[in-house]
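Novice: Questions regarding the structure given below will be posed in turn.
Protein chains: 2
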Amino acid sequence: MTSAESAQPASRRIADALRSAIESGELRAGDKLPSERALAERYGAARNTAREAVRLLAEQGLVIAQHGRGVFVREPRRLFRFGSDRYSLANRATGLTPFRLEAQRQGKVPRIDVPSIAREVPPRDVAERLDVPPNQESVVHRENHYFADDEPVQIVSTYVRWDEAQGTLLMEARSGPNGIYGRLEELGHIMTNIRDEIIARMPTPHEATILGLQSGIPVLEVLHTSLDQDGVPFEVSRYVHRADLTGLKYELPVQ
Amino acid sequence: MTSAESAQPASRRIADALRSAIESGELRAGDKLPSERALAERYGAARNTAREAVRLLAEQGLVIAQHGRGVFVREPRRLFRFGSDRYSLANRATGLTPFRLEAQRQGKVPRIDVPSIAREVPPRDVAERLDVPPNQESVVHRENHYFADDEPVQIVSTYVRWDEAQGTLLMEARSGPNGIYGRLEELGHIMTNIRDEIIARMPTPHEATILGLQSGIPVLEVLHTSLDQDGVPFEVSRYVHRADLTGLKYELPVQ
DNA sequence: TCAACCCACTGGCTTGAGCCAGTTGTAGGC
DNA sequence: GCCTACAACTGGCTCAAGCCAGTGGGTTGA
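Now the structure itself:
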């Protein structure tokens, strides 16, 4: 043991050993790690210490623990790649939402739940971008949950102006041909420019529950604004994606 | 205690209590949480259980522990907002890199370390995008570390073709006026289109060390490709950002 | 043949104890 | 007035033990 290694806590040493076993290919995706009790014995540590090592790896997103079964090396899979062309006219002409398009491309069965559609007071960031009053019930909030083969993939909150949505199919779960963008176009808003603001963070416990996220998987949050032919923002959506399943791609000309 | 609450482990209960104290504003950003020992006593649990509760909050990025001082509510700060205009000619004309521009805008002192510039075998994803052989030393890899007021913010690995970089300032830390894009322009590559591929993940231990990241902070990884007037990719960069400090923004027309 | 049951295994969670290592305020000496 | 040393805090890490709750293979009995 070198001095550098001995300076590290035992749980780190065990975690590093497992990590390099994974990186070297000695342990492959889907393989089962030794049990916590076995690790403890092998490294001459207490079970809690071995457990802490496994927790470190889980936190890094390398492994996943399954109660009663064991701890497994996580499969690297990034299924959904949302390109900036997801908003293009060509794709919208198919009548499918970006999510349905992507699911179809992958041969997965998409499902979309609409847990709620309601008039609400907008969050501050949404109010700013949609240019509506922040302290009134000035928006309609459509919350959608997206599944691929029954696995939860993303949570989307869409906001449109209440005065425009009132009495239209925008208040209904089934929003008609071409989805909500079809309705918004009928209201005179042709999507001309889009603005996507992207951050990454850890999920809230609520999001972790909905998305079925274990420790070690962040979310990608995209705050999307649609601007019409006059530069007027007419729709804002917050996409919360599982980061292990989702990638984003933007292609654009340099000005 | 309701049945829903009692079904939860004690550590979760303590964590939830602290979380709602934070969300309600009872505990504000920068405030110190009760010590682990105090929490244990207050909730009638062992210190390890209180400790586990704090760990849960840290994993969610809500609090930060400081050895010998205490556990503090994390300040929400997102300083760097890289817009898609960071590649624009107007900004490049300033002679500043996007990072220097952004730092300047915020009144921070930028520092850029160049730990290594070397001919290397490219990673597979880079080779694909730069259209070079993946099994030869076909690229020059420039690794940069970026600091704002001496705080590490991002790690950037830039790759250009070895046959083009050979013998030019692209092999030097000081790459001359307008940076590497200036040199690449002299080689006939005018940046015309860009492609950014974005994912979020937890940092590797190495990245966590360089960026000074504690538990609960993911990274944003941007794989950037520059395409010239002929659609030829001439430069690929991998940006690894601290997600707590960085946001990305893309504005583009709908086709 | 098949279902029910049991048992040995897995991780999940908690306890209570102890020692270590940073931090910070204070009492004491100069 | 200033510095030093110490003491009382903080979190960091480990141990050993125990009970609980899923899982899955094998045995047993109808």
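Just so you know, the protein sequences line up as chains A and B, in that order. Letter 177 of the first sequence, counting from 1, is numbered 177 in the UniProt record's numbering, and no numbers are missing. Letter 205 of the second sequence, counting from 1, is numbered 205 in the UniProt record's numbering, and no numbers are missing. Every residue, glycine too, gets a C-beta built ideally from N, C-alpha and C. Computed from a predicted structure; not experimentally measured.
When you check each C-beta in the segment 29-54 of chain A against every C-beta of chain B, which residues fall closer than 7 Å?
Specialist: Taking 7 Å as the Cβ-Cβ cut-off against chain B, none of the residues of the segment 29-54 of chain A qualify.
Novice: Listed from N- to C-terminal order along the chain, which residues in the segment 171-200 of chain A have their beta-carbon within a distance smaller than 8 Å of any beta-carbon of chain B?
Specialist: Those residues of the segment 171-200 of chain A that come within reach of chain B (Cβ to Cβ, closer than 8 Å) are Met191, Thr192, Asn193, Ile194, Arg195, Asp196, Glu197, Ile198, Ile199, Ala200.
Novice: Counting C-beta neighbours from all protein chains within 10 Å, is the total for alanine 90 of chain A 16 or more, i.e. buried, or is it exposed?
Specialist: So alanine 90 of chain A ends up on the exposed side.
Novice: May I have the straight-line CA-CA distance separating residue 299 of chain A from valine 73 of chain B, to the nearest angstrom?
Specialist: Here chain A has residues from 1 to 255 only, and residue 299 of chain A is not among them.
Novice: Using Cβ-Cβ distances below 7 Å, what residues of the segment 147-169 of chain A are close to chain B?
Specialist: Within the segment 147-169 of chain A, no residue has a Cβ that lies closer than 7 Å to any Cβ of chain B.
Novice: Run down chain A in chain order and give the residues with a C-beta less than 9 Å from the C-beta of glutamate 59 of chain B.
Specialist: Those are Glu59, Met202, Ser215, Gly216, listed as they occur along chain A.
Novice: Would you say leucine 248 of chain A faces chain B, with C-beta separation under 7 Å as the test?
Specialist: Closer than 7 Å: yes.
Novice: Return the chain-ordered list of same chain residues with a C-beta closer than 7 Å to the C-beta of residue 317 of chain B, the five sequence neighbours on each side being excluded.
Specialist: Given a span of 1 to 255 for chain B in the structure shown, any question on residue 317 of chain B remains unanswerable.
Novice: What residues in its chain sit with their C-beta under 8 Å from that of threonine 2 of chain B, if we drop five residues either side in the sequence?
Specialist: For threonine 2 of chain B, the predicted structure reports a pLDDT of 37, less than 50, and the residue's modelled location is therefore unreliable. A value from the coordinates is still provided. Correct list: empty, nothing qualifies.
Novice: Determine, for alanine 7 of chain A, whether the minimum Cβ-Cβ distance to residues of chain B falls below 7 Å.
Specialist: It does not; no Cβ of chain B falls within 7 Å.
Novice: Short of 7 Å Cβ to Cβ, which residues in the segment 222-245 of chain A face chain B?
Specialist: For the segment 222-245 of chain A, which is checked against every Cβ of chain B, the residues closer than 7 Å are Ala243.
Novice: Provide the residue(s) that pair with proline 253 of chain A in DSSP beta bridges, ordered along the chain.
Specialist: Answer is B:Asn193, bridged to proline 253 of chain A.
Novice: So if I threshold CB-CB distances at 8 Å, which residues from the segment 109-141 of chain A count as touching chain B?
Specialist: Answer in chain order: no residues at all.
Novice: Where do the ends of the beta strand (DSSP E) carrying serine 237 of chain A lie?
Specialist: Taken as a continuous stretch (DSSP letters only), the beta strand (DSSP E) holding serine 237 of chain A covers 233-242.
Novice: Looking only at C-alpha atoms, which of A:Gly70, A:Asp85, A:Gly61, A:Ala21 sits nearest to serine 35 of chain A?
Specialist: Comparing Cα positions, the closest option is A:Gly70.
Novice: With a CB to CB cut of under 8 Å and the five nearest residues on each side skipped, what residues in its chain are close to alanine 4 of chain A?
Specialist: Confidence is the limiting factor: at alanine 4 of chain A the pLDDT is only 41, short of 50, which leaves the residue's position unreliable, though a coordinate-based value still follows. Excluding residues within five positions, none has a Cβ falling inside 8 Å.
Novice: Classify proline 98 of chain A as helix, strand or coil using the three-state DSSP reduction.
Specialist: The answer is helix: DSSP assigns proline 98 of chain A an H, G or I state.
Novice: Could you tell me whether the segment 234-242 of chain B touches the segment 16-36 of chain B, using the rule of 3 or more Cβ pairs below 8 Å?
Specialist: Flag = no, the segment 234-242 of chain B and the segment 16-36 of chain B do not touch.
Novice: For chain B, find out if any of its Cβ atoms is closer than 7 Å to the Cβ of valine 71 of chain A; answer yes or no.
Specialist: Valine 71 of chain A does not count as touching chain B.
Novice: Does the distance from the CB of leucine 57 of chain A to the CB of valine 63 of chain A come in under 7 Å?
Specialist: Cβ atoms of leucine 57 of chain A and valine 63 of chain A: closer than 7 Å.
Novice: Inspect the CB distances between the segment 9-24 of chain B and the segment 167-184 of chain A and report whether three or more fall short of 8 Å.
Specialist: Segments in contact, no.
Novice: Hey, could you find the ends of the alpha helix (DSSP H) aspartate 16 of chain B is sitting in?
Specialist: Counting along the chain, the alpha helix (DSSP H) containing aspartate 16 of chain B begins and ends at 10-23.
Novice: Do glutamate 221 of chain A and isoleucine 199 of chain A have their C-beta atoms within less than 7 Å of each other?
Specialist: Cβ atoms of glutamate 221 of chain A and isoleucine 199 of chain A: closer than 7 Å.
Novice: Whose C-beta lies closer than 7 Å to the C-beta of glutamine 229 of chain A among residues of the same chain, with five residues either side of it excluded?
Specialist: Correct list, in chain order: Ile190, Thr192.
Novice: Once DSSP output is grouped into helix, strand and coil, what is the label at threonine 158 of chain A?
Specialist: Strand, per DSSP.
Novice: Would you mind telling me which residues of chain B sit closer than 8 Å to valine 254 of chain A, beta carbon to beta carbon, in chain order?
Specialist: Correct list: Tyr87, Ser88, Leu89, Met191, Thr192, Asn193, Ile194.
Novice: Measure the Cβ-Cβ separation of proline 110 of chain B and arginine 100 of chain B and say whether it is below 7 Å.
Specialist: Result yes, Cβ atoms of proline 110 of chain B and arginine 100 of chain B sit closer than 7 Å.
Novice: Under 7 Å Cβ-Cβ, which residues of chain B neighbour glutamate 251 of chain A?
Specialist: Within 7 Å Cβ-Cβ: Asn193, Arg195.
Novice: What separation, rounded to the nearest whole angstrom, lies between the Cα atoms of alanine 50 of chain A and proline 9 of chain A?
Specialist: If I take the Cα positions, the gap works out to 11 Å.
Novice: Tell me, please, whether the CB atom of leucine 101 of chain A is closer than 7 Å to any CB atom in chain B?
Specialist: It does not; no Cβ of chain B falls within 7 Å.
Novice: With a CB to CB cut of under 7 Å and the five nearest residues on each side skipped, what residues in its chain are close to valine 240 of chain A?
Specialist: Gln154, Ile155, Glu207, Val219, Glu221, listed in sequence order.
Novice: Are any of the Cβ atoms in chain A nearer than 7 Å to that of leucine 27 of chain B?
Specialist: No, leucine 27 of chain B lies away from the interface with chain A (no Cβ there is under 7 Å from its Cβ).
Novice: Taking Cβ positions, are glutamate 251 of chain B and lysine 249 of chain A nearer each other than 7 Å?
Specialist: Taking 7 Å as the Cβ cut-off, glutamate 251 of chain B and lysine 249 of chain A do not qualify as a contacting pair.
Novice: For lysine 32 of chain A, write down the residues that DSSP places opposite it in a beta bridge.
Specialist: Looking at the DSSP assignment, lysine 32 of chain A forms a beta bridge with A:Phe72.
Novice: I'd like to know if serine 84 of chain B contacts chain A, where contact means its C-beta is closer than 7 Å to some C-beta of that chain.
Specialist: Judged by the 7 Å Cβ criterion, serine 84 of chain B is in contact with chain A.
Novice: Measure from the C-beta of leucine 220 of chain B to each C-beta in chain A and report whether the shortest distance is under 7 Å.
Specialist: Chain A, which has a Cβ nearer than 7 Å to the Cβ of leucine 220 of chain B, makes this yes.
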